[in-house]
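Data block below; observations after.
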Amino acid sequence: MGRPDDDSFLAALRDAVRLRDCLALALVPAIAVAAFTLPVARRESLAFAYRDPSLLTAYTAQFVHFDAAHLAANALGYVLVAGLGYVLAALSGYRRLFGVAASTYLLAFPPALSWLNLALPRNAVGYGLSGLNMAFVGLLALVLVAYGGRLDDRISVRYAPGLFFAVVALIALIVPRAGTVTGIGAASVFVAAGYVVSARRSWPERPGTGRRRLDRAGWLDAGILGTVTLFGYQFVGFGSLATGSGIVNVYVHLLGFCLGFIVPYIALVLGVLGADRGFLSD
């Protein structure tokens, strides 16, 4: 591993990223592509029918697609959010957190998201990677704050909920459905602002503290890319509100994002997981 104070972005990137981790993450789009090669009838049997749910289809539905454009959008979205989240986590020293969270998403979230769909009774079929993608977007919000601590040591992951609520406020703006949504958005803005004020007041003013890598090539660029991806991807996940299945998609996307942030954040708060350079193994 590179030294924590190594200011060379490319050197730190080479030391932090592991080929075996990338191959493990690549299994998800590979499975989705493989599933797409199956006959249509077989894919239909693997989708999650709300009127005839099963534990098997609750899991397999996440990897089923019926349209090449849908598959490409979800696969590319996964590569972007999961890949960028992994890089930022690795550079921040949170590879183990990312690995455990990603494993939880891939093993437990598919059936959980599918069965939570049943909270909105309807005669429909669920399928696609988008719910899992949004879970990785939630994780991206957490590791982005951790990465911010690598750029400026006054930033702590305990302030990550501020970024989470800022994203929820944006989602409420993108999905203006009812007064309840507007209220959630307004409350989220208030909570996010509270975290910003709290963080700013706790920052030390002593010379020599704070910024460490903001003027180093690559470090700030990666943080900006992560921020743009975090907020920009919400327009992908919530910007298209087709009638019919659109409501359920928004519901599942929001569930995926919230659970994707809350689960690893609670693990950090409880001390179950913390800064650790390991991922699968070292």
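Each step along the sequence shown adds one to the number in the working numbering, with nothing skipped, and position 15 is 127. We treat Cβ as the ideally placed atom computed from N, Cα and C, and that holds for glycine.
Return the chain-ordered list of same chain residues with a C-beta closer than 6 Å to the C-beta of residue i, the five sequence neighbours on each side being excluded.
i, result
"Ala278", "Ala304"
"Leu252", "Val193, Gly197, Leu342"
"Ala159", "Ala173, Val176, Val237, Tyr239"
"Ala161", "Val237"
"Tyr171", "Pro222, Pro223"
"Ala379", "Leu385"
Thinking residue i and residue j are a contact (beta carbons under 8 Å), I'd like their distance in whole angstroms, please.
i, j, result
"Val140", "Tyr206", "Going by Cβ atoms, the distance from Val140 to Tyr206 rounds to 20 Å, so no, they are not a contact pair."
"Phe221", "Ala247", "6 Å"
"Leu167", "Pro233", "Not confirmed; about 19 Å, so no contact."
"Ser204", "Arg262", "5 Å"
"Gly368", "Leu256", "Contact flag wrong, Cβ pair sits at about 17 Å."
"Val249", "Phe350", "Not really, about 11 Å apart at Cβ, beyond 8 Å."
"Ala281", "Ser268", "So it is not a contact: roughly 21 Å between Cβ atoms."
"Gly260", "Gly372", "Actually they are not in contact, since the Cβ atoms of Gly260 and Gly372 sit about 18 Å apart, beyond 8 Å."
"Gly195", "Leu137", "7 Å"
"Val199", "Val129", "6 Å"
"Phe210", "Leu183", "Not really, about 25 Å apart at Cβ, beyond 8 Å."
"Phe181", "Ala258", "Looking at the sequence provided, one finds Ala at residue 181 rather than Phe. Between Ala258 and Ala181 the Cβ distance is about 34 Å, and since that is not below 8 Å, they are no contact."
"Arg154", "Phe178", "Wrong, their Cβ atoms sit about 11 Å apart, outside the cutoff."
"Leu230", "Pro165", "7 Å"
"Val375", "Thr216", "6 Å"
"Arg208", "Leu385", "6 Å"
Identify every residue that forms a DSSP beta bridge with residue i.
i, result
"Val237", "Ala161"
Classify residue i as helix, strand or coil using the three-state DSSP reduction.
i, result
"Ser300", "helix"
"Val287", "coil"
"Arg130", "coil"
"Gly351", "coil"
"Ser120", "coil"
"Gly383", "coil"
"Leu371", "helix"
"Leu232", "coil"
"Gly274", "helix"
"Gly330", "coil"
So, at 8 Å on beta carbons, what are the nonlocal neighbours of residue i in its own chain, with the 5 sequence-adjacent residues on each side left out?
i, result
"Leu122", "Gly330"
"Ile143", "Phe175"
"Ser242", "Asn186, Gly189, Gly349, Asn361, Val364, His365, Gly368"
"Gly356", "Residue confidence for Gly356 is low, a pLDDT of 40 falling below 50, so the modelled location carries little weight and cannot support an answer."
"Val152", "Phe178"
So, is the C-beta of residue i closer than 9 Å to a C-beta in chain D?
i, result
"Tyr259", "Absence of chain D from the displayed structure is noted, only one protein chain being present."
Near residue i, what residues of its chain come up, given a Cβ to Cβ distance below 7 Å and the 5 sequence neighbours on each side ignored?
i, result
"Ser226", "Phe160, Ala170, Ala173, Gly238"
Exercise for review: Kindly provide the ranges of any alpha helix (DSSP H) runs that are 4 or more residues long and lie completely inside the segment 146-205, ordered along the chain.
Suggested key: Listed in chain order, the complete alpha helix (DSSP H) runs (minimum 4 residues) inside the segment 146-205 are 152-158, 167-172, 180-204.
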